[in-house]
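K.L.:
Below is the structure I would like to discuss, written out as structure tokens.
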Amino acid sequence: MTSQLQQQDLVVYNDGQIVSEKLLRGEYNSLTAITHIQGTAPSWLLTGVAENCLLGTCHFSPGLGTNLAFSANEPRSPVLFASFYQDAAFYSKTWKKHLGLDIASQTGNARYLDLMEELMHVLSRGADPKQSLKHVFDKISTEVQKLAAKGAKPSLIIEAPELLLHTIDIEVDDLLLSLHKLNEKTNLTLVMSIDRPLIEAHSIQDGNGLRGKHSSLVLKLLHRANTIIDIHPLETGHANDATGVLTVSKGPIPLDDVKVQEGAYLYLLNKEGSARLFFK
Amino acid sequence: MASSNSILLINRLLSLKEQSPFLLVEDSLSQSSAYFTQEFVSRVPTTPIVYLSFETVNAPSFAANFVQCLGLSVEEIHSKIESNASRKTIVMVDSLNYIPPSQITKFIKMLVHPNVILYGVYHNSIPHIETQDYPSSLQLLQFMATSIFEIRPRLKNMDEEEVEHQMDIWRFPIGEINSSEFYVTLTNRRKSGRSVVHKYEINSDTHEITPYVSKAKEDAVGDEELLKNLTTFNLTTSTRQKHARQEVELPFMMAQNGEGAVGGAIVYQYEQDDDYDEEDPYEDPF
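Order-wise, the sequence lines are chains R and P.
All residue numbers for the first sequence refer to numbering that gives the first Met the number 0, where the first residue is 0 and numbers rise by one.
All residue numbers for the second sequence refer to numbering that gives the first Met the number 0, where the first residue is 0 and numbers rise by one.
Following this line, the structure appears as structure tokens:
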């Protein structure tokens, strides 16, 4: 079905961009929430967001063209990608292909942090949960400062922050405070899982239980978001020509200078992990 | 007449001319209170606003004093608020969800002052922690608030049930949610204890507030309109007549309490003038 349709560019803001120029240049620090469930992993989308922040292009939005004004040395915005979910090896091939960067180099304007490894390292030394949380976020903050020192406001992408709640015994508000402090210095993109068994929608029986903490974190973060991008499977089941649905919607916090371009797309992932988008 | 009164009330409340020291705003993921707050702020340009932030990263331009509160205790928050007792001040709390139920009354009590108008937002989408033998934060806030504004999305193509279902399964309906046009249900409590409820439609771009009339009510009014000028007889019913009609107890309602109410049996009760015939082939077999 989709193979006969014309491929579309992903447009998130009304200036035709995935990450708006006004957000990258302005003083306002935005929060974008990317939600997904098991089976619709957003790694392809995150590579595209990182590419758009850094180079102004996006491999699944050919309409954005080749932006010669930006390069890894002169980026649109420096990018820090911090993941609690995947190690550097997982993204190295796609980063090399689409961003033209060696993810392991850890230099320049695009950096990758494997936070789960960092966390396990601290925990193995016997640190208590609050110290571990502080250590992990200090590490991110140091990298953000290094990128900010080059002049432009960094874009920070954090994948699966909710895994911290699953791993160490911390309060939801402690984690929110740490994320809040990072958001004060960056345009933050948070990637979160919203699998239904992990979410209690109306009331929490046990405030210290995993479901309660996960629900509280995700919903509190969604209430802070300017933009919500959700990817979910097709409601009609498996199809050969469409992998899932991507929706872009306004978050509860409106933006002044730029508007969210709401829309729904079908996306198709090929074997190499490249995506093509079509209007739904 | 009633609609002009309701408009007057909300205009007076939003411009702080009506005495109401605690304004509680309830919102959800489908319709944020941000647009209502913008509307409120546009009507009180000269009143200083102390903004208590639990979730706002960027200090709003209207905030005279922006206080970062996440991670602070109730006492620490209070000590950070500069008090200027002589001037009317708005204390705005971006989310009351971060205060535990056991602390919420203390938090409100500390902020309340004769010259302070407290404007607090509560997100209904964030699940509350159930506590035994103690009311939830929302129940306590609703009890303390003098005016409650409940914000709902103004849906264009979907009905409320459909949107609710979509939000329950974590789908965010496109073009339907978080718009600058929305509905507000206002519950205002008078000093006498009487509370009045009004519904409005607000457009925060044009600053237009109109009374909201539900579709069903609109249709009923339409029927009355159709009957007008058709004949010289008065075919319409007045409010008093409608009320009287609702009060009439219908005869079959009595039957629900009798013997036949259970099991669907046909029960015939002989009355004084009935002629009972033992040979009657059509007699009730029961």
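A virtual CB, placed ideally from N, CA and C, is assigned to each residue, including glycine.
Terminal residues of the continuous alpha helix (DSSP H) containing R/A87?
P.N.:
A87 to T93
K.L.:
Give the C-beta separation of R/I227 and R/G243 to the nearest angstrom, bearing in mind that I take them to be a contact with Cβ-Cβ under 8 Å.
P.N.:
Not really, about 16 Å apart at Cβ, beyond 8 Å.
K.L.:
Work out the CA separation of R/I230 and P/M157 for me, nearest whole Å.
P.N.:
21 Å
K.L.:
Just list the residues that DSSP pairs R/I139 with in beta bridges.
P.N.:
According to DSSP, which records beta bridges pairwise, R/I139 is partnered with nothing at all.
K.L.:
The alpha helix (DSSP H) spanning R/A151 covers which residue range?
P.N.:
Neither: R/A151 is in no alpha helix (DSSP H) and is coded neither H nor E.
K.L.:
Answer yes or no: do R/L118 and R/T166 have a C-beta to C-beta separation smaller than 8 Å?
P.N.:
yes
K.L.:
Measure the C-alpha to C-alpha separation of R/L100 and P/S146 and round it to an integer number of angstroms.
P.N.:
57 Å
K.L.:
Closest to P/S41 by C-alpha separation, out of P/A62, P/F53 and P/D26, would be which residue?
P.N.:
P/A62
K.L.:
With H, G and I counted as helix, E and B as strand and the rest as coil, what does DSSP make of R/H58?
P.N.:
coil
K.L.:
In the DSSP assignment, what residue or residues form a beta bridge with P/H122?
P.N.:
P/D26
K.L.:
For P/Y97, which residues from the same chain have a beta carbon less than 8 Å from its beta carbon, with the 5 sequence-adjacent residues on both sides left out?
P.N.:
F53, E54, C68 and L69
K.L.:
Any idea if R/P41 is buried or exposed, counting beta-carbon neighbours within 10 angstroms, 16 or more meaning buried?
P.N.:
buried
K.L.:
Report the rounded CA-to-CA distance for P/V212 versus P/A58, giving the unit in angstroms.
P.N.:
37 Å
K.L.:
If we count Cβ pairs, one from each stretch, closer than 8 Å, do we get three or more for the segment 202-211 of chain P versus the segment 173-187 of chain P?
P.N.:
yes
K.L.:
Less than 8 Å between the CB atoms is what I'm expecting for R/N28 and R/N182, so what's the real figure, rounded?
P.N.:
6 Å
K.L.:
Based on Cα-Cα distance, which residue from P/K16, P/F65 and P/R153 lies nearest to P/K79?
P.N.:
P/F65
K.L.:
If you compare alpha carbons, which of R/K133, R/L122 and R/I156 is closest to R/I33?
P.N.:
R/I156
K.L.:
Is R/G262 close to chain P, meaning its C-beta is less than 8 Å from at least one C-beta of that chain?
P.N.:
yes
K.L.:
According to DSSP, which residues form a beta bridge with P/N202?
P.N.:
The bridge partners DSSP lists for P/N202 are P/E180 and P/E207.
K.L.:
Run down chain P in chain order and give the residues with a C-beta less than 7 Å from the C-beta of R/R223.
P.N.:
E54
K.L.:
Using only the alpha-carbon positions, how far apart do P/T231 and P/R244 sit?
P.N.:
23 Å
K.L.:
Looking only at C-alpha atoms, which of R/S154, R/K180, R/G211 and R/V143 sits nearest to R/L164?
P.N.:
R/G211
K.L.:
Answer yes or no: the CB of P/I150 versus the heavy atoms of the ligand ADP, is any distance below 7 Å?
P.N.:
With respect to the ligand ADP, the structure offers nothing, as it holds no ligand at all.
K.L.:
Name, please, each residue of chain R whose Cβ falls closer than 8 Å to the Cβ of P/Y133.
P.N.:
Within chain R, no residue comes near P/Y133; the closest Cβ sits about 13 Å away, beyond 8 Å.
K.L.:
Give me the residue from R/K129, R/N72 and R/D173 with the minimum Cα distance to R/A151.
P.N.:
R/N72
K.L.:
When you compare only the Cα positions, how much space is there between P/I76 and P/L95?
P.N.:
13 Å
K.L.:
Examine chain P for any beta-carbon lying closer than 8 Å to the beta-carbon of R/E50, and answer yes or no.
P.N.:
no
K.L.:
Excluding the 5 residues flanking P/L137 on each side, which residues of the same chain have their C-beta closer than 8 Å to its C-beta?
P.N.:
Taken in chain order, the residues that qualify are E25, Y121, N123 and H127.
K.L.:
Mind pulling the chain P residues with CB within less than 8 Å of R/T39?
P.N.:
Close to R/T39, with beta-carbon spacing below 8 Å, lies no residue of chain P; the smallest spacing is near 12 Å.
K.L.:
Could you check how far apart the C-beta atoms of R/Q85 and R/E158 are, in whole angstroms? I think they sit under 8 Å.
P.N.:
7 Å
K.L.:
Quick check: is the beta carbon of P/P126 nearer than 8 Å to any beta carbon in chain R?
P.N.:
yes
K.L.:
Kindly indicate the opening and closing residues of the beta strand (DSSP E) around R/I230.
P.N.:
T226 to P232
K.L.:
Could you tell me the boundaries of the alpha helix (DSSP H) in which R/P74 lies?
P.N.:
Taken as a continuous stretch (DSSP letters only), R/P74 belongs to no alpha helix (DSSP H), as it is neither H nor E.
K.L.:
Give me the chain R residues within the contact set of P/S101, using Cβ-Cβ distance strictly less than 8 Å, ordered along the chain.
P.N.:
Within chain R, no residue comes near P/S101; the closest Cβ sits about 12 Å away, beyond 8 Å.
K.L.:
If you reduce the DSSP assignment to three classes, tell me which class R/F83 lands in.
P.N.:
coil
K.L.:
Within the segment 38-95 of chain P, note down every full beta strand (DSSP E) run reaching 3 residues or more, in order along the chain.
P.N.:
Taking only runs of at least 3 residues, the beta strand (DSSP E) segments lying wholly in the segment 38-95 of chain P are 48-52, 64-67 and 88-92.
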